[in-house]
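In our numbering, the protein residues as written are 40 to 111. We treat Cβ as the ideally placed atom computed from N, Cα and C, and that holds for glycine. The model shown is predicted, which means the values in this text are computed figures rather than measured ones. Here the structure is laid out as structure tokens; the discussion comes afterwards.
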């Protein structure tokens, strides 16, 4: 199995990829909401895992939009 290091992103690269500020990435990390791993003290992100995470977020948002509000 060959490892493709081009699919590993830094915080800055992920922020650019998601079109958000790096502080948003750090906030999501602190909340445990992003798939990530550490190399020493630096966070790294596997692009395939991020793409799956994005799809999961999109499905969750669609579900929220499609689920009608019911008053209790």
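- Here residue 73 is buried: its Cβ has 16 or more other Cβ atoms, across all protein chains shown, within 10 Å.
- In this structure, DSSP gives residue 78 an extended state, which the three-state scheme calls strand.
- Rounded to the nearest angstrom, the Cβ distance from residue 66 to residue 76 is 18 Å, too far for a contact under 8 Å.
- In this structure, 87 is the residue among 87, 95 and 56 with its C-alpha nearest to the C-alpha of residue 43.
- A straight line joining the alpha-carbon of residue 94 with that of residue 102 spans about 12 Å.
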